[in-house]
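The structure appears right after this line, and notes come after that.
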Amino acid sequence: MNRSVILTCAVTGAGDTTGKNPNVPITPKQIADNCIEAARAGASVAHIHVRDPETGGISHNIDHFREVMERVRESDVDIVMNITGGGGGDWVPDAQDPSRGGPGTDMQTPAERHAPVGELLPELCTLDCGSLNFGDMVYINTADWLREQARMVQAAGVKAELECFDLGHVWFARQLQKEGLLEGDPLFQLCLGIPWGAEADTETMLAMRNKLPENANWAAFGIGRHQMPMVAQAMLLGGHARVGLEDNLYLEKGVMATNGGLVEKASTIIENLGGRIMTPAQTRAALKLVDPKTGKPVEGGDQ
Numbered sequence: 001m002n003r004s005v006i007l008t009c010a011v012t013g014a015g016d017t018t019g020k021n022p023n024v025p026i027t028p029k030q031i032a033d034n035c036i037e038a039a040r041a042g043a044s045v046a047h048i049h050v051r052d053p054e055t056g057g058i059s060h061n062i063d064h065f066r067e068v069m070e071r072v073r074e075s076d077v078d079i080v081m082n083i084t085g086g087g088g089g090d091w092v093p094d095a096q097d098p099s100r101g102g103p104g105t106d107m108q109t110p111a112e113r114h115a116p117v118g119e120l121l122p123e124l125c126t127l128d129c130g131s132l133n134f135g136d137m138v139y140i141n142t143a144d145w146l147r148e149q150a151r152m153v154q155a156a157g158v159k160a161e162l163e164c165f166d167l168g169h170v171w172f173a174r175q176l177q178k179e180g181l182l183e184g185d186p187l188f189q190l191c192l193g194i195p196w197g198a199e200a201d202t203e204t205m206l207a208m209r210n211k212l213p214e215n216a217n218w219a220a221f222g223i224g225r226h227q228m229p230m231v232a233q234a235m236l237l238g239g240h241a242r243v244g245l246e247d248n249l250y251l252e253k254g255v256m257a258t259n260g261g262l263v264e265k266a267s268t269i270i271e272n273l274g275g276r277i278m279t280p281a282q283t284r285a286a287l288k289l290v291d292p293k294t295g296k297p298v299e300g301g302d303q
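Under UniProt numbering, the residue at position 77 of the sequence shown is numbered 77, and the numbers go up by one with no gaps.
Next up, the structure:
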């Protein structure tokens, strides 16, 4: 059991959720405000995507990421920032010519995916460790693309959060470690409940956890109604946790969530199980992240 929990809030994803919950942030200001709200509610880390301010759809605009980062850094709160590195992998075959992408396809090169990370240098960024059937589309992450992206993350001095949506992704992440493409103790995020990847249940989380390297730090999340049960399960199995509107739109059945409300609910679960949420400073020390104020890795500290 882990009694000192790093709690991530994934404040907005790239999915078609803005019409389903009015609290999903769209503009850079709204996304930054939600990071600040999550920090005040007790979150250790804010994980961000950005959206087109006009449509609410997918955006890869570095200026949008920059505005979010600057607004959060200039605020009166502290939170570890985690920028997505997993954009631009959505493939929907064209109905008439499956060799081409149809409506809904959104592809980027590894360099394009990495650009906001390399320029803005957050403490963390995600690195998705494989391809899968993601609902009705295919999410594409070829091995050589991921190696290229891992090298760029490594060169930037940012720590990769290794997102694993299935057991084979854990296997590939171990291969990245074997090839020397990961710095320090690896950080894994076990992503559960997304059709058609790893299921959100105890057996699946345990199987994935048992395949992690001995020196790994890890967290897990479940989507939708599985979000809070997976918070408790991850803590009980020795891991950290993630909540947020990227993964779940409801605080309870019929009640729309906010990011702050989800953080508070997860915090209550963790505290009732005898744990506590690690502060951003403690999180940087535990994961040996670069301090954005000094530009140097943080060592040691109370966990």
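Ideal Cβ placement from N, Cα and C applies to all residues, glycine included.
Name the one or two DSSP bridge partners that residue i has.
i, result
"S4", "R276"
"N217", "L187"
"I58", "R51"
"K159", "L124"
"L222", "Sequence check: residue 222 is Gly here, not Leu. DSSP, once it has assigned bridges, lists L192 as partnering G222."
"N141", "Looking at the DSSP assignment, N141 forms no beta bridge with any residue, so it has no partner."
Helix, strand or coil: how does DSSP classify residue i here?
i, result
"Q30", "helix"
"A198", "coil"
"P186", "coil"
"E67", "helix"
"S267", "helix"
"G124", "A small correction: the amino acid at residue 124 is Leu; Gly does not occupy that position in the sequence shown. Here L124 sits in strand by DSSP."
"F165", "coil"
"N259", "helix"
"L132", "strand"
"P22", "coil"
Exposed or buried, which one is residue i when buried takes at least 16 other CB atoms within 10 Å?
i, result
"L7", "buried"
"V255", "exposed"
"E246", "buried"
"M228", "buried"
"A219", "buried"
"E252", "exposed"
"A111", "exposed"
"A14", "buried"
Excluding the 5 residues preceding and the 5 following residue i in the sequence, name in chain order all residues of the same chain whose CB lies nearer than 7 Å to its CB.
i, result
"M235", "M1, N2, V5, A241, I270, L273 and G275"
"P213", "R174, Q177 and P186"
"I277", "V5, L7, G42, S44, S267 and I270"
"V117", "I83, G85, C125, V153, A156 and V158"
By Cβ distance below 6 Å, which residues in the same chain neighbour residue i in space, the five residues on each side in sequence not counted?
i, result
"P280", "S44, D78, I79 and V80"
Pop quiz: residue i and residue j are said to be a contact at Cβ under 8 Å. What is the actual Cβ separation, rounded to whole angstroms?
i, j, result
"residue 324", "P122", "The structure shown does not extend to residue 324, since the chain is modelled only from 1 to 303, so the question has no answer here."
"L127", "A160", "4 Å"
"G104", "I140", "That pair is no contact at about 13 Å."
Grab me the residues of residue i's own chain with a C-beta within less than 8 Å of its C-beta, minus the 5 sequence neighbours each way, in chain order.
i, result
"residue 304", "The requested residue 304 is not part of the displayed model; the chain covers only 1 to 303."
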